[in-house]
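Undergrad: Under our numbering, the first residue of the sequence shown is numbered 429, with each subsequent residue one higher.
Each residue gets a CB set at the ideal place from its N, CA and C atoms; glycine is no exception.
Treat the numbers as computed from the prediction; the structure is a model and nothing was measured.
Dumping the structure here so I can ask a few things about it.
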Amino acid sequence: MKSVPFTRRQALLRGAALSFPTIVPASVFGQNAPSKQITMAVIGWGMMGPGNTAKFLSEPDCRVLAACDIDQQNLGKAVNTINGAYKNKDCKAYHDYREVMARKDIDTVMLALPDNWHALTSIEAAAQGKDIYGEKPLARTLREQQAIVAAVKKHGRIWQTGSWQRSEDNFRIGAEIVRNGLIGKLTRVEVGLPAGHNDFAKTGDKRSVTPAPAHLDYEMWIGPAAMQDYIECRVHKNWRWDYNIGGGQLLDWIGHHGDIAHWGMGMDESGPLEVRPMQVDMPSRSEIWNTATRYRAEASYDGDITMVIAGGHADIAMGTKWIGTEGWVYVNRGGTYDCSNPKLKQIIKKREGERVVEAAKAPKLGDDLIKNRLYQSPGHHRNFLDCVKSRQPTVTPVETAHRSATPGHLALISFLVNRPIRWDPKTQEILDDAQASALMGRDYRGPWKLPA
Ligand SMILES: NC(=O)c1ccc[n+]([C@@H]2O[C@H](COP(=O)([O-])OP(=O)(O)OC[C@H]3O[C@@H](n4cnc5c(N)ncnc54)[C@H](O)[C@@H]3O)[C@@H](O)[C@H]2O)c1
């Protein structure tokens, strides 16, 4: 990737960005420094970057030394926030992720970038020996996901995915109940996701073609995706409604409720055998927001288990529901937890005005029923830092992220070819369908190349 030349505009923007001061010598931080502080660069300061960074800023053994964004306004906000938190001016600003990743004194990176950038940035970070906190879904395409998994494994990096629901007690206990056979034999899993589109960036009706604003390096923002006109309402935050960059509600959320579903199913290193398109409302590809608005797919797993993945279908509630021969468990955000078995229901109690996970206060609660506990994370960002030190896997390592997003990718491909597709979870290939297989990857816009 080093061969990709900077444009004059990038160089100018970079020069401007680098005017932020830095005075941190490499020896002060880094894993080998006496302070044992974990040093970090944060890359991408839009909707998710600030929240992730706030968590890392609050951890005393983490030091954020650098911020990178190709939007000068967002980059300025990042640097001001980080310097404000530390009450100094040490955070260095970068325009090009390759420059910050080349820094030897930086141990880790937090990546919160649009999906079109996940693969190249993750692979570069792994090659530069960084441990990575990266967002879901793992990447825009299955081929990119496979390349990220290979790079992270090859370079022996620690990876945490932003599928933070695994660090919440209600989701973990729901999965534990299923894994301990307490709802009998699992037969059906319902994964309820959002539908439609949201104007997250509050761009209103800014749907006309205009020049990109001077503070944004739009050429770099498009990166390896196909070049298209700048239209404000499909760039920051709203890119997820455009298949050129993102994957719609389906892929935005499969790494949350689909991830939890897989945890309960014990599918972290496997996947479906077949995925069938059941219903899809798909705008024309020429629409500015062209991702599926309402959708439903079914996936068959080993052991006669059917997963329903749906957005906008009233019979499938938002969240994850596992149904077995002897009962069911349902979990969702906000501590939501319900279970058909009254005794199991006691494991998580609801208090007036707030939901309190009793098991968090009394970890042994439910031990008479739940013999085999799952990975208990102390908090998603804390878990990443702990694992950077211990070199043990996080609660959502890279293979898990890949496998969790796979049913979403396959569902989307099945919608596009409009027929069931068969999948081999071992070889990770679509079987006997060349047209569907071709949709596992896509051409990169030069000079960007997905490393083999
Ligand atoms: N875990 C969660 O709950 C959660 C919630 C929201 C978003 N996300 C994920 O976070 C990621 C980012 O989403 P978002 O909504 O924050 O996007 P966003 O558009 O709000 O922000 C992305 C930022 O990245 C910058 N950027 C784009 N390309 C870049 C590049 N090559 N180098 C440096 N900076 C670049 C943009 O300028 C922008 O500031 C996505 O993967 C999304 O799915 C996760």
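(1) Give the straight-line distance between the Cα atoms of Q856 and V507, rounded to the nearest whole angstrom.
(2) Using a threshold of 7 Å, is the CB atom of G477 nearer than that to any non-hydrogen atom of ligand 1?
(3) Leaving out five residues on either side along the sequence, give the residues of the same chain with a beta carbon under 6 Å from the beta carbon of R761.
(4) Quick one: Cα of G562 to Cα of L614, how far?
(5) What are the boundary residues of the beta strand (DSSP E) that R724 is part of?
(6) Below 6 Å CB to CB, which residues in the same chain sit around G755 once its five sequence neighbours on both sides are set aside?
(7) Given a cut-off of 8 Å, decide if G676 and R631 are closer than it, judged by their beta-carbon atoms.
(8) When we look at the beta-carbon of V637 and count the other beta-carbons within 10 Å, is it buried (16 or more) or exposed?
(9) Whole-angstrom Cβ separation of D687 and S832, contact assumed at under 8 Å?
(10) What residues in its chain sit with their C-beta under 6 Å from that of Q459, if we drop five residues either side in the sequence?
(11) Looking at the unbroken beta strand (DSSP E) that takes in W649, where does it start and where does it end?
(12) Between the alpha carbons of E726 and K581, how many angstroms are there, rounded?
(13) If you follow the alpha helix (DSSP H) that V507 is part of, which residue opens it and which one closes it?
(14) Is it a yes or a no for the stretch 512-522 touching the stretch 535-546, going by three-plus beta-carbon pairs under 8 Å?
(15) DSSP three-state call for A469: helix, strand or coil?
(16) Since I believe H625 is in contact with W717 (beta carbons under 8 Å), could you give me their beta-carbon distance rounded to a whole number of angstroms?
(17) In angstroms with no decimal places, state the Cα-to-Cα distance between P622 and D670.
(18) Considering only the alpha carbon of each residue, which of D645, R801, Q820 lies closest to Q501?
(19) Determine, using beta carbons only, whether L840 and L678 come nearer to each other than 8 Å.
(20) Select from K464, V757, T764 the residue whose C-alpha is nearest the C-alpha of L772.
(21) Beta carbon of L813, beta carbon of D489: below 8 Å?
(22) Do P711 and S842 have their beta-carbon atoms positioned less than 8 Å apart in this structure?
(23) With a Cβ-Cβ cutoff of 8 Å, do A629 and C661 count as a contact?
(24) I'd like the list of long-range same chain contacts for D861, defined as Cβ closer than 6 Å, with 5 residues on each side in sequence excluded.
(25) For M693 and I737, what's the separation of their Cα atoms in angstroms?
(26) Any heavy atom of ligand 1 inside 7 Å of the beta-carbon of I744?
(27) Can K564 be considered in contact with ligand 1, in the sense that its beta carbon sits closer than 7 Å to one or more heavy atoms?
(28) Less than 8 Å between the beta carbons of V577 and V826, yes or no?
(29) Out of E604, H809, S714, E697, state which residue places its alpha-carbon closest to the alpha-carbon of S776.
(30) Rounded to whole angstroms, what is the Cα-Cα separation between T481 and T753?
(31) So which of R600, R810, G479, M735 has the shortest CA-CA distance to G763?
(32) What residues are listed by DSSP as bridge partners for A738?
(33) Check the C-beta distance from M746 over to G590 and give it rounded, since I have them as a contact under 8 Å.
(34) Return yes when the Cβ of V816 is within less than 8 Å of the Cβ of D533, no when it is not.
(35) Is the Cβ-Cβ distance between N672 and Q656 less than 8 Å?
TA: Taking the structure as given:
(1) 41 Å
(2) yes
(3) none
(4) 31 Å
(5) 722-729
(6) I611, S768, N769
(7) The amino acid at residue 631 is misidentified as Arg; the sequence shows Thr. Not in contact: T631 and G676 (Cβ atoms no closer than 8 Å).
(8) exposed
(9) 4 Å
(10) Summary for Q459: the model assigns pLDDT 46, below 50, so the residue's position carries little reliability; its value from the coordinates is reported in the next sentence. So the list reads D535, once near-sequence residues are dropped.
(11) Where W649 is concerned, there is no enclosing beta strand (DSSP E), although the alpha helix (DSSP H) it sits in stretches over 646-650.
(12) 31 Å
(13) 500-514
(14) no
(15) strand
(16) 5 Å
(17) 16 Å
(18) D645
(19) yes
(20) V757
(21) yes
(22) no
(23) yes
(24) I849
(25) 15 Å
(26) no
(27) yes
(28) yes
(29) Going by the sequence as given, residue 776 is Ile instead of Ser. Among E604, H809, S714, E697, the Cα nearest to that of I776 belongs to E604.
(30) 43 Å
(31) R600
(32) G620, R724
(33) The Cβ separation is near 19 Å, so there is no contact.
(34) no
(35) yes
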